[in-house]
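2 protein chains.
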Amino acid sequence: MGEDKKISMAVIRRLPRYFRYLSDLMQLDIKRISSKELSERMHITASQIRQDLNCFGGFGQQGYGYNVEYLYNEISKILGTDKRFTCIIVGAGNMGNALANYENFRRRGFDIIAIFDVDEKKIGTKINGIEVYSNDKLPEFTANNKVDIAILTVPNKKVIDVAKQITSLGIKAIWNFSPTDLRLGDDVVVENVHLSDSLMVLGYRLREKGY
Amino acid sequence: MGEDKKISMAVIRRLPRYFRYLSDLMQLDIKRISSKELSERMHITASQIRQDLNCFGGFGQQGYGYNVEYLYNEISKILGTDKRFTCIIVGAGNMGNALANYENFRRRGFDIIAIFDVDEKKIGTKINGIEVYSNDKLPEFTANNKVDIAILTVPNKKVIDVAKQITSLGIKAIWNFSPTDLRLGDDVVVENVHLSDSLMVLGYRLREKGY
DNA sequence: TACAAATTGACAAAAAAATAACAAATATGA
DNA sequence: TCATATTTGTTATTTTTTTGTCAATTTGTA
């Protein structure tokens, strides 16, 4: 019987990085690559690369290495980048605006289909061609459109209430940009971005170096 | 002699999270907290909290727990949040704009003192009161102003060149928002944000749940 | 004051993650 | 074709990280 042993988050969080490097290799028209050569480019061990990839199957060939395009496509499938996700942005502030304008997401399979805000002045306008609706329209919109992911760029004080509303409407994935850690039911997946945390770690490391 | 055993990145990356929770506790006017109670709030083990904090010193007291304000201040010192960092943003696009408008950074000790871009139409304007200069002015500006951190929000194709220029000017810390991993000299610290990676992990986890 | 309850800091144990080692398979070149 | 170089997938080993345990100390209370 299929003993799918659980793949660790450590491995999963490296997948997008492999994906990026493979994408770069394709751009450079490189057709094959060994774990050794990739390890030199990525500054990780060849052993780790082989072990990571083997969690999902044997994509390589002894004596040859990995076919770049094939491996790219396989990782694409694993990450779901071969299918499309529909997203809404809640909060049309500066960050919401920036994300709505970021074309890279669409290229990676994430379509932003609507934006929601409470500000009367913004409602009815468009950001990068995407319409801004009132938050009041959330129930109606989600009833009529399949929404995979809610991107939350609302003020910190509002985020818990908004997240609860979002999940009550049946949305199962949240990409959270507020500093508050969201923890919802076991059936809702959340990725917290926490930009300030990242910046503070940078500050720590800078100070540690003595500058 | 002082055997400062190296503190692991795993611990350091948790510090901003402790910082946030302690900040919240202060707002709630809670004066003391035990590792047990904090562990319940943060959903990590009490053991980990005690061990993490002990990397930096004995901040608690047996039978009592931790004084919230004292611990907050100590973590503040560790993270360097008690001092100020000067930052510049390079790239006045949507993301640069969003970051320039994000007041939270200033509250955490990070002052954005200038923005740089190549677009003639943007040069001379202000974003959230911060002047936008031509990239050509970078050498002059960094010669006359101490810059701790460069925040890079330039297009992906430009980022390596910009990063090289930035480091040649003596800036020792880079907060990179482009999908390209930056790896510069050992004397330059880099934090890569990689928003797309985070979104792709969310996509993976959503798919894994079977939705 | 004395005793029970709580709680840390330190160390030990367990679990997880990363790295190394190597047999088996393939490619390459004489 | 055959011998040698590569290179994977897998298992073993090492390292790192997390969790558990407990003596020592403090608080709070009768």
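As they're listed, the protein sequences go chains A and B. For the first sequence, the positions run 190 to 400 when the working numbering is used. For the second sequence, the positions run 190 to 400 when the working numbering is used. The C-beta atom is built at its ideal place from N, Cα and C for all residues, glycine as well.
Asked	Found
Residue environment, E174/B, which counts as buried when at least 16 other CB atoms sit within 10 Å	Outside the modelled stretch of chain B, which goes from 190 to 400, sits residue 174/B, for which no answer is possible.
Pairwise C-alpha distance: S323/B and T314/B	11 Å
Partners in chain A for N290/B, counting only beta-carbon separations shorter than 7 Å	N283
DSSP beta-bridge partners of V379/B	I363/B
Straight-line Cα distance separating R209/A from S223/B	43 Å
Three CB pairs or more closer than 8 Å across the stretch 272-290 of chain B and the stretch 247-264 of chain B	no
For I233/B, three-class secondary structure by DSSP	coil
Between the CA atoms of M389/B and I267/A - distance to the nearest angstrom	10 Å
Residues of its chain near L168/B, where Cβ-Cβ distance is below 7 Å and the 5 sequence neighbours each way are ignored	No statement about residue 168/B is possible, as the shown extent of chain B runs from 190 to 400 and does not include it.
Nonlocal neighbours in the same chain, by C-beta distance under 8 Å from K335/A, ignoring five residues either side	T275
Proximal chain B residues relative to Y400/A, where beta-carbon distance stays under 9 Å	D337, K361, A362, D376 and V378
Inter-residue CB distance, A287/A and N317/A (contact presumed, cutoff 8 Å)	The Cβ separation is near 10 Å, so there is no contact.
Residue-level contact to chain B via CB, S228/A, 8 Å cutoff	no
Simplified DSSP assignment, three categories, for L373/A	coil
Chain B contact for N243/A (CB, 8 Å cutoff)	no
Cβ pair S385/B, F294/A closer than 8 Å	yes
Under 8 Å (Cβ pairs) to chain B, residues found in the stretch 200-223 of chain A	I201, R202, L204, P205, R206, F208 and R209
Contact with chain A by Y393/B, beta-carbon distance below 8 Å	yes
Same chain only: Cβ atoms within 7 Å of S212/A, ignoring 5 sequence neighbours per side	Y261
Nearest candidate by alpha-carbon position, reference D218/B, set V257/B, I304/B, L395/B and V382/B	V257/B
Backbone secondary structure at L402/A - three-state DSSP	The structure shown has nothing for residue 402/A, since chain A only spans 190 to 400.
For D306/A: DSSP bridge partner residues	S323/A
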